[in-house]
Every structure is written in structure tokens, then in C-alpha cells.
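A.B. asks: Here the protein sequences line up with chains A and B, keeping their order.
Quick note on numbering: the numbering used here labels position 247 of the first sequence as 264, and the sequence is numbered without any gaps.
Quick note on numbering: the numbering used here labels position 114 of the second sequence as 275, and the sequence is numbered without any gaps.
C-beta: ideal position from N, C-alpha, C; glycine also.
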Amino acid sequence: MKAMRAGQWHSLGVLISLVLLGCAGSARAEDASSWREIETKYTFGFTTGSGIGLEGEKEFTVDTIGRFGKRDGHYAATETKYEFEFTPSQFIQIEFGALGSTHNIGGVTGLDDRSQVALGGAFAELRYLAIERTSNNPLSVTLAVEPTVRRIDETSGERVRNFEFETTVNADLELMKNRLFAGFNLLYEPEVTQTAIGDTQREATFGGSAALSLRIASNVVVGGEVWYLRHYDAANLTAFTGDAVMLGPSLYIRFTPKMFMTAAWNTQVWGREVGNPVALNLAEFQRHRAKLKFAWEF
Amino acid sequence: MSSVPIMMKKLALAALCAIAMVPASPSQAQQATEVQLTYSKGQFQPSELRAPADKPVTFRVKNLDAKAMEFESTSLRVEKVVAANSEGVINVRALKPGRYEFYDDFNEKARGALTVQ
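(1) Could you list the residues in the segment 231-247 of chain B with a C-beta less than 7 Å from some C-beta on chain A, going in chain order?
(2) Are the beta-carbon atoms belonging to A:ILE82 and A:ILE109 less than 8 Å from one another?
(3) Looking at chain A, which residues of the segment 191-225 of chain B have a Cβ within less than 9 Å of any of its Cβ atoms?
(4) Who are the neighbours of B:ASP266 on chain A, taking C-beta pairs under 7 Å?
(5) With C-beta atoms as the reference, is A:PRO274 less than 8 Å away from B:ASP265?
(6) Output the distance between the C-alpha atoms of A:ASN121 and A:ASP89, rounded to the nearest integer angstrom.
(7) Please classify A:SER50: does DSSP put it in a helix, a strand, or coil?
(8) To which residues of the same chain is B:LYS270 closer than 6 Å at the C-beta, ignoring the five residues directly before and after it?
(9) Give the interface partners of B:LYS257 over in chain A, defined as CB-CB distance under 9 Å, in chain order.
(10) For A:VAL209, does the count of other Cβ atoms within 10 angstroms reach 16, so buried, or fall short, so exposed?
(11) Bridge partners for A:TYR205 per DSSP, in chain order?
(12) Select from the segment 60-80 of chain A all residues with a C-beta closer than 9 Å to any C-beta belonging to chain B, and list them in chain order.
(13) Using a 10 Å radius around the Cβ and a threshold of 16 neighbouring Cβ atoms, would you call B:THR235 buried or exposed?
(14) When the Cα atoms are used, what is the spatial distance from A:PHE223 to A:LEU204?
(15) Consider the Cβ of A:GLN107: report whether some Cβ of chain B lies at a distance smaller than 8 Å.
(16) May I ask whether a heavy atom of the ligand MG can be found less than 7 Å away from the beta carbon of A:GLY137?
(17) Can you give the Cα-Cα distance for B:SER188 and A:TYR145, rounded to whole angstroms?
(18) Counting contacts by CB-CB distance shorter than 8 Å, is A:ALA44 in contact with chain B?
(19) Does the beta carbon of A:ARG53 come closer than 8 Å to any beta carbon on chain B?
(20) Is it the case that the segment 215-234 of chain A contacts the segment 190-200 of chain A, given that we only count it when at least three CB pairs across the two stretches are under 8 Å?
(21) Which residue or residues does DSSP assign as beta-bridge partners of A:ALA281?
(22) Give me the DSSP bridge partner(s) of A:GLU72.
(23) By the 10 Å Cβ neighbour count, where 16 or more other Cβ atoms means buried, how is A:ASP322 classified, buried or exposed?
(24) If we count the other Cβ atoms within 10 Å of its Cβ and call it buried at 16 or more, is A:GLY42 buried or exposed?
(25) When you compare each of A:LEU264, A:ALA147 and A:ARG168 to A:GLN211 by their alpha carbons, which one comes out closest?
(26) Strictly below 7 Å CB to CB, what residues from chain B border A:GLU56?
(27) Quick check on DSSP: helix, strand or coil for A:THR60?
(28) Would you say the segment 300-315 of chain A touches the segment 59-79 of chain A, given that touching needs at least three Cβ pairs under 8 Å?
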């Protein structure tokens, strides 16, 4: 299996847009007040909503994130989560799974040429619902921690020992009953990496996002999001190396009561690298990123 | 000694502390308000229920139909399959005032709501 190239992801985006237009057309006559409430976790693209599922619910998901484009050459990398998630109580959700990665790199300054598919690592996530939405309170907030171990470097594809501890605050606000939602994430992601030659590198990503999603049919949500991300060469956020702004659309479709998909595309629209007066930050971030997730509940 | 295992140990400890801080199921700590409803011919009876605020709620759902139904609610954050001609018990946390909708996940038309005040 080869890594999916940016062109293929673009074709996928066009296909999704066509599906979306079809859904939007059939949605005009629907009345939002008759729609069931919606779980917001996956309706904002890369931004994660506050939903934690339903007590007793189990879910298997395949969640792929692709990253495309560096300063030169060609660069395509994907990481896929094969994930099992369950909700043991009305306040907690637990997830865990394996990571698969692909790298297709050629002629990128600072990275070795590579074409590989590998089992990349494993992860677990604990989510705790801190503030719950009711019909009288539109705000919902979830706190999440996600430790991840990798044997393949996310960016370069090299063999490493990497440990990451993503910490997020996932908040969302119901602006119009059953119809319009705003989502917000706050992210702190420290990591430590041991390279094959024994070097230890510490780094961190810090940032946040704002997203808006509109339910255009009972089973279709479209939206847009913006992310601001800062990168540091230290876990304690002391050695700033650059930042970036990413922007793009999102789509969520529930095919059946027990199956849904979500897709998103982000493009870097602004960025800077410390000590390098060029447009965009393509050292620590990518030109584009895409997300495609399918989930089956049982 | 490598810093990776040290960090992993610290993070595992932090995760255990976080889990320990999570409250136990509230339905076990207080006397629950019990609400009873039946599911017959693809409809909930009654479809509008009431319960007091800040007390756990126990739903007793009698499915009188000849096929299974799934009692589900996004705002109550519960789901339970109730087999044909049997009863399901669903325990819900202490609820804040508001309206909580529920439905049969296998039947788009079967809906109801619990008003908490």
C-alpha cells in the first residue's frame, strides 16, 4: 500500500463535496426541531467536540490523518488510528488502539527519502466530561489526556522511541437548538523522542482552535475551523521555534444510527519560522493536512 | 537512565490520580427517583415524564412489543437494548433542571422526553 498523495486526497475532497451538495439539496424541507440531539465529538473536523458517547456504547473507528507538503520535494505522511472506544460511565470515555503510519518522502531538505508502511505505535485516551450541556445551558466542556508511544517518527518516518502526552480541553456551544454549534479546543502536547543514534529531543506543541458547524440535515453537518499552533523545542514552552495558522472545511455524515464518517481539510494560510524569513512554517508543520474517519458503534 | 521510562511512570501515575478523582456513579450515592414507561406498538407510554432535579433517575422500560428496542438518549448519555417482551432498567445520574429527550434507536418515530425541575 502506498501513502495517499495530496492529489488523491484532493479528489476525495471533491467527491465529499458532491455528496454534501446532494445532501444539502434534500435537506431544505427538513425541520430542525424534529431532529434528534446530536453527539458533537466528531462534528468539527480536527477540532474535537465535548461528546463522550453514551454509557454502555462501544465503537470501533478507523481514523486517518494525512500531512502533505514541505518546503521542497514531495512529502506525504499518514497516521491511522485503529481505535476501540467505550463509555463506562456517564462522565468518562476511554479509548485505545494501534497506530499505522505511511511515509512517502523525496527530495525534502532535512529528511531522508523514504517510502514505507509501518506499525507506528499505540495510544490510549481518557476523556472526562467536566461541564455538561442541558436544555438550559448550551456549554459543554470535556478534559482529555492521550498518552501515545511511537516507534516511527511522525514527520520523518525514522525509527525512534517517542512518547507524547496530548492534553486538550474540548468545549462546544449550542448556538441554535439542534442546528448550529461552535467548538473550541485548547491543546498542549509535550513529547520526548530518542533517535536511533541515542539523541534525546524534547519538544511541545501548544495552540487552540475555533470551529463552527451547521447541521444541514438530520444526518449531515458541515463546518469550518481555524487552528493556531505554536512549536517549541522544549516541553515547558521556553524555546519557541515557530507558529502557523491552519484553516479549512469539515464534514460529518451519519449513514445509519450506528455508522458515521467525518472528513476535514486544513491548509496552512500563515506561518513563520524563527530565524528563517520565509512565508509559512513548513519546518514544524505541513502545507496541508486531511482527516478521514469512519466509525461503527455497537 | 533514559528519560522516556521516567516520564512514562510519571504520566501513568498522573493518569491513575485522574481516574481516582472521577466521582463514583451518582446513582449509587442517593435514592433514585423511579420512572416507569412502556413501549408498545412502537411508541413510549407515557411519552412525557417528570422528575425532581439533583436526584438520580431510574428508568424502568417495559417492552411489550414482539421485537427488541433500544432506549437511547444523547442528553441523558445512556443506551440500552431491551429485548422483546421484557423489562430494562437504566440508571441515570442526578440531573440538572431541563428537558432530556429519549428515543428508540431502532425506530425513528418513537420518542419521548423527561422534564427535570
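C.D. replies: Inspection of the coordinates gives the following:
(1) GLU233, THR235, SER236, ARG238, VAL239, GLU240 and LYS241
(2) no
(3) none
(4) PRO274
(5) no
(6) 13 Å
(7) helix
(8) none
(9) GLU149, THR151, ASN153 and ASN154
(10) buried
(11) A:THR184 and A:PHE223
(12) GLY68, ILE69, GLY70, LEU71, GLU72, GLY73 and GLU74
(13) buried
(14) 5 Å
(15) yes
(16) Of ligands this structure carries none, so the ligand MG is not represented either.
(17) Any reading at B:SER188 is ruled out, since the residue's pLDDT is 44, under 50, leaving its predicted position unreliable.
(18) With a pLDDT of only 48 at A:ALA44, under 50, the local geometry of the prediction cannot be trusted, and the value read off the model is given with reservation. It does not: the Cβ of A:ALA44 has no partner Cβ on chain B nearer than 8 Å.
(19) yes
(20) yes
(21) A:SER267 and A:LYS308
(22) B:VAL239
(23) Limits of chain A in this structure are 18 at one end and 315 at the other, which puts residue 322 of chain A out of reach.
(24) No answer about A:GLY42 holds up, because its pLDDT of 48 lies below 50 and its placement is not dependable.
(25) A:ARG168
(26) THR235
(27) coil
(28) yes
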